[in-house]
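Visitor: Residue numbers (this note's numbering): 69 to 241. Quick reminder that beta carbons are idealized off the backbone N, C-alpha and C, glycines included. No experiment lies behind these values; they were computed from the predicted model shown.
Next comes the structure, spelled out in structure tokens:
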């Protein structure tokens with residue numbers, strides 16, 4: 069009993085590709101549309117109150133955190149994948165015709181560029197989305213102050229516990 073031949077992807081017609089693209093656009097609009105509407109309404113509301121700079125600070129902080137974390141984590145995952153690829157055994161021992169990993173190895177090795185760039189990009193974007201939700205801790209760290217009262221046990225100003233410590237815990241977690 070030999071190994072199964074690799075299955076080929078079916079060819080899509082022009083109409084089916086259009087329908088898949090239209091469905092993806094519709095799903096993206098349904099998922100992202102309400103978020104953009106909420107952002108626009110908040111933009112108008114903060115502007116009406118005269119605090120549009122507060123809203124832009126929040127948006128800019130979220131964007132910067134998103135891009136920094138996405139790029140750093142994507143680069144870290146890319147470096148780990150590159151290291152794993154370069155240190156892999158060149159000659160893979162063949163277990164036999166029923167090797168359960170052979171199919172997956174073939175699938176990954178034929179799409180090496182997609183896996184090598186797509187996986188780190190996906191993980192980086194996902195981590196960026198998670199990290200941008202902690203924009204308040206970053207702003208508290210950047211603009212925190214001191215209370216002028218020291219902790220009786222450690223002698224540290226209480227501002228450290230209110231402004232700095234949450235950011236340090238965020239970075240370490």
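Look at the alpha carbon of residue 202 and the alpha carbon of residue 78, and state the distance between them as a whole number of angstroms.
Guide: Here residue 202 refers to the residue found at position 134 when the chain shown is read from its first residue. Here residue 78 refers to the residue found at position 10 when the chain shown is read from its first residue. Their backbone Cα atoms lie some 44 Å apart in a straight line.
Visitor: Going by DSSP, which residues form a beta bridge with residue 175?
Guide: Counting from one through the chain shown, the residue named residue 175 turns up at place 107. Looking at the DSSP assignment, residue 175 forms no beta bridge with any residue, so it has no partner.
Visitor: What's the gap between the Cα of residue 196 and the Cα of residue 168?
Guide: Taking the first residue of the chain shown as position 1, residue 196 is located at position 128. Taking the first residue of the chain shown as position 1, residue 168 is located at position 100. Roughly 35 Å separates the two Cα atoms.
Visitor: Do the stretch 182-190 and the stretch 110-121 meet, that is, are 3 or more Cβ pairs less than 8 Å apart?
Guide: no
Visitor: Hey, residue 142 and residue 192: beta-carbon distance below 8 Å or not?
Guide: By 1-based counting over the chain shown, the position of residue 142 is 74. By 1-based counting over the chain shown, the position of residue 192 is 124. In this structure, residue 192 lies closer than 8 Å to residue 142 by Cβ.
Visitor: Would you call the CB atoms of residue 213 and residue 232 closer than 8 Å?
Guide: Along the chain shown, read from residue 1 onward, the residue named residue 213 stands at position 145. Along the chain shown, read from residue 1 onward, the residue named residue 232 stands at position 164. Going by C-beta atoms, residue 213 is not nearer than 8 Å to residue 232.
Visitor: Here's the rule I'm using: 16 or more other beta-carbon atoms within 10 Å means buried, otherwise exposed. How should residue 105 be labelled?
Guide: Position 37 of the chain shown, counting from 1, holds the residue named residue 105. Residue 105 comes out exposed.
Visitor: For residue 176, which option in 93, 236, 149 has the closest C-alpha, if you only look at C-alpha atoms?
Guide: On the chain shown, residue 176 is found 108 positions in, with the first residue counted as 1. Of the candidates 93, 236, 149, the one whose C-alpha sits nearest the C-alpha of residue 176 is 149.
Visitor: Check the C-beta distance from residue 238 over to residue 205 and give it rounded, since I have them as a contact under 8 Å.
Guide: In the chain shown, the residue the question calls residue 238 occupies position 170. In the chain shown, the residue the question calls residue 205 occupies position 137. Confirmed, about 5 Å.
Visitor: Considering only the beta carbon of each residue, do residue 224 and residue 230 sit closer than 8 Å?
Guide: Here residue 224 refers to the residue found at position 156 of the chain shown. Here residue 230 refers to the residue found at position 162 of the chain shown. Going by C-beta atoms, residue 224 is not nearer than 8 Å to residue 230.
Visitor: Just checking my contact of residue 235 with residue 209 at CB under 8 Å: how many whole Å lie between their CB atoms?
Guide: Stepping through the chain shown from its first residue, residue 235 is reached at position 167. Stepping through the chain shown from its first residue, residue 209 is reached at position 141. Yes, they are in contact, since the Cβ atoms of residue 235 and residue 209 sit about 4 Å apart, within 8 Å.
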